Every structure is written in structure tokens, then in C-alpha cells.
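Everything below concerns the one structure shown next.
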Amino acid sequence: MMNIGLLLIRLAVGLTFMGHGSQKLFGWFGGPGLKGTGQWFESIGIKPGLFMAFLAGLGELAGGFLFAAGLGGPVGAVLIVLTMLVAVFKVHGKNGYWVTQGGYEYNLILIAVAVGVACTGSGTYSLDAVLFR
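As C-alpha cells, then:
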């Protein structure tokens with residue numbers, strides 16, 4: 001049952017990150033696309049905005065895919081943690097803990113989930129298990 005639990009966690013978090021990356025890179029799912037994300041990044045002091053938006057979107061898309069697929073060991077988790085740390089330090093941290101006030105609560109939960117899965121491994125139902133065991 002633990003392996004099914006890990007699969008469900010990886011899919012929920014990983015696919016969500018892929019969606020966020022697609023919003024930034026391609027404007028899918030109601031997202032602003034690369035240009036809009038780049039402009040917003042510039043407005044909050046992340047420069048050069050367009051390039052950093054590309055890196056953020058790529059990190060979320062690739063990290064989400066690797067995490068969901070259970071491929072590459074902790075690489076997907078590291079990409080998720082890095083994007084969430086930037087979100088905490090550049091956007092949410094100043095608002096306190098609770099997400100209802102725009103705080104970093106949700107970001108911290110995602111960091112904990114990513115680190116937890118990286119520490120335990122992706123489980124039996126992962127591409128790493130199929131390809132490397």
C-alpha cells in the first residue's frame with residue numbers, strides 16, 4: 001500500500017507542477033504565458049524577467065514530470081523545492097504563514113512532500129524502479 005500512496009502523491013504533485021509550468025511557458029490552463037510571466041517577474045524584481053520566467057516554467061514542467069514519473073531519483077524533487085523556495089522568498093514570505101493571507105503555508109507543504117518523497121524514494125510504481133532495478 002505504501003507504493004500506491006507514493007504513486008498518488010507523486011502524480012498529484014507532479015502533474016500540478018507540470019500544469020503550472022505549462023501556464024508559464026505556453027499560457028495553457030489560463031496562464032499568462034512566457035511574456036506575461038516575464039513581465040510579472042520583472043515587476044517583483046526577478047530580472048531578466050523573460051529568461052527567469054523560462055527557467056521557472058521549465059523547472060516546474062521538468063520537475064513535475066520527473067516527480068510524477070518517479071524518474072531521476074531526487075532531481076524532480078530538487079526542482080520543485082527550488083521553485084517553491086523562490087516563491088517563498090520573493091512572493092509569499094512577507095505575508096506570513098497562512099495561505100489565506102497570501103503566505104507560504106502551501107509552498108512549505110509542497111517542499112515537505114517533495115523532500116519526503118526524495119528521502120523515501122519513488123516506490124515500486126516508478127520509472128526508476130522499472131528501468132534501474
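Just so you know, the working numbering puts 1 at position 1 of the sequence shown, and the rest follows in order with no gaps.
From the three backbone atoms N, C-alpha and C, an ideal C-beta is built for every residue, glycine too.
Nothing here was measured: the structure is a model prediction, and the numbers come from that model.
DSSP three-state assignment for residue i, whether helix, strand or coil
i	result
lysine 35	helix
glycine 5	helix
threonine 124	coil
glycine 93	helix
glycine 73	coil
Contacts around residue i, its chain only, beta-carbon distance under 8 Å, and the 5 residues preceding and following it disregarded
i	result
threonine 120	Leu6
Alpha carbon of residue i to alpha carbon of residue j, nearest angstrom
i	j	result
tryptophan 28	lysine 35	13 Å
phenylalanine 54	glycine 38	8 Å
glycine 49	methionine 2	41 Å
lysine 109	isoleucine 4	Before going on, a small fix: residue 109 reads as isoleucine here, not lysine. Near 20 Å, if we compare the C-alpha coordinates of isoleucine 4 and isoleucine 109.
leucine 15	phenylalanine 65	7 Å
leucine 8	glycine 76	16 Å
leucine 85	phenylalanine 67	17 Å
valine 130	valine 115	22 Å
Residue i CB to nearest heavy atom of the ligand ATP below 7 Å
i	result
lysine 90	No copy of the ligand ATP occurs in the structure displayed, which carries no ligand at all.
Close Cβ partners of residue i (< 7 Å) along its chain, the five nearest in sequence each way excluded
i	result
tryptophan 98	Glu105
glutamine 101	Asn95
leucine 127	Ala69, Gly70 and Leu71
Residues near residue i in its chain [Cβ-Cβ closer than 6 Å; skip 5 each side]
i	result
glutamate 42	Gly49
alanine 61	First, the amino acid is wrong: residue 61 is leucine here, not alanine. Counting only Cβ-Cβ distances below 6 Å, and skipping sequence neighbours, we find Met18 and Gly21.
glycine 33	Gly27
Subject >> Every unbroken alpha helix (DSSP H) within the stretch 12-71, with a cutoff of 4 residues, ordered by chain >> reply: 33-43 and 49-69
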